[in-house]
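In the working numbering, the protein residues as written are 4 to 217. Accompanying notes for the structure given below.
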Amino acid sequence: MRKSSFSYRVYYYVKKLRVAVLGPEGSGKTTFIKALSEHFNTICIKRYLEEIGEYDSTLVYDHGVLYAKKTRDSYTIICEKSAKDLVLKGLYRKLIRVDLWGAAGQPHLYSVRRTLIYPKADAVVYVVDLSRPQTLNEARVLLREAYQEIPGLEEGKVPFVLVMNKNDCRRVDYDYFPRSLGLVNITKYAVTASGGVDVEKPILEVLRLSASST
Numbered sequence: 004m005r006k007s008s009f010s011y012r013v014y015y016y017v018k019k020l021r022v023a024v025l026g027p028e029g030s031g032k033t034t035f036i037k038a039l040s041e042h043f044n045t046i047c048i049k050r051y052l053e054e055i056g057e058y059d060s061t062l063v064y065d066h067g068v069l070y071a072k073k074t075r076d077s078y079t080i081i082c083e084k085s086a087k088d089l090v091l092k093g094l095y096r097k098l099i100r101v102d103l104w105g106a107a108g109q110p111h112l113y114s115v116r117r118t119l120i121y122p123k124a125d126a127v128v129y130v131v132d133l134s135r136p137q138t139l140n141e142a143r144v145l146l147r148e149a150y151q152e153i154p155g156l157e158e159g160k161v162p163f164v165l166v167m168n169k170n171d172c173r174r175v176d177y178d179y180f181p182r183s184l185g186l187v188n189i190t191k192y193a194v195t196a197s198g199g200v201d202v203e204k205p206i207l208e209v210l211r212l213s214a215s216s217t
C-alpha cells in the first residue's frame, strides 16, 4: 500500500471513534447505520461470520464508516470526498473517523457482541423502537448486558446516546423508554431512520460528549 494513500493516512494519523450501535432485535440498528452511510456517501458493509462460538451458523453484523470535521466548538459530518481532501492536505487534526458497529440483539448472538462489538466501544448509541413498546423487556436485558461488558458505561464514563427510532409510527410517549430504562438524564433523540430523518444528530452528540470526556 502506498504511504500517500487515503486509507494508509487515515489508519495511522486520523483520530478514530468506535461507536457500538446496540438495541433489541428489529429496533432499526441496521437501518440507522445504513441511512447515515448513504446520506454522507460513505461505507456500510454487512459482514458475515461463520461458526461463531457454539453456533454452527452464519451470523451478521454491520459496519458503517463516517467522517467528521472538527471546527472550533463543534463537528460537522462530511462526505468521504471532503475527508480525502483534508487528509491529502495533511489536515489530520481536523478529521475524525467514526466507525459504527452494530450486531443483532438476539440472546444467542451474545458471543458476537462480546467478541466483536463491546471491546471496540468508545461510545454507545442505544436504539429502541417507538412503534413496539413490547420490546421493553428485551431492551432492559440488552442494556444490562452492555453495562456489564463495557467498563464505565453505567457510571457515565462512556458517551451514551438513546435513539428512539420509528418516530413516524410512534405508539408510546417519548418518555416511555427513557423512564422505563432509567435513562431519563441521558441525551435522547427521536428519529425515523428509514427516511434518514435526524439520524446525524445522535452522532454529532456522541462526538461532542467524546470530546468533553477527553
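We put the CB at the ideal spot given by N, CA and C, even for glycine. Treat the numbers as computed from the prediction; the structure is a model and nothing was measured.
Nearest to Glu-203 by alpha-carbon distance, out of Glu-41, Gly-26, Tyr-16, Val-90, is Glu-41.
For Asp-201, there is no enclosing beta strand (DSSP E), as DSSP marks it with neither H nor E. As for any beta strand (DSSP E) of minimum length 3 sitting wholly inside the region 66 to 130, the runs are 78 to 81, 98 to 106, ordered along the chain. Linking Arg-12 to Leu-89 through their CA atoms gives a straight-line distance of about 11 angstroms. Excluding residues up to 5 positions away in sequence, Asn-44, Thr-45, Tyr-70 lie with their Cβ nearer than 7 angstroms to the Cβ of Glu-83 in the same chain.
The beta carbons of Tyr-121 and Glu-152 sit about 4 angstroms from each other, so the pair counts as a contact at 8 angstroms. Annotation: Asp-178 to Gly-198 spans about 22 angstroms, alpha carbon to alpha carbon. Ser-30 sits away from Thr-118, with the two beta carbons spaced by 8 angstroms or more. With 16 or more other Cβ atoms inside 10 Å of its own Cβ, Val-131 counts as buried. By the CB criterion at 8 angstroms, Trp-104 and Ala-23 fall inside the cutoff. Cα atoms of Arg-182 and Val-63: separation of roughly 31 angstroms, rounded to the nearest angstrom.
The C-alpha of Lys-87 lies about 20 angstroms from the C-alpha of Leu-207. In the three-state reduction of the DSSP assignment, Leu-165 falls in the strand class, which pools E and B. For Arg-173, the CB contacts under 6 angstroms within the same chain, skipping 5 residues up- and downstream, are Leu-133 in chain order. Tyr-15 and Val-101 have their C-alpha atoms roughly 15 angstroms apart. Rounded to whole angstroms, the Cβ separation of Glu-157 and Gly-108 is 18 angstroms, and the two are not in contact under 8 angstroms. In its chain, beyond the 5 residues on either side, Asp-178, Pro-181 have a beta carbon closer than 8 angstroms to the beta carbon of Val-187.
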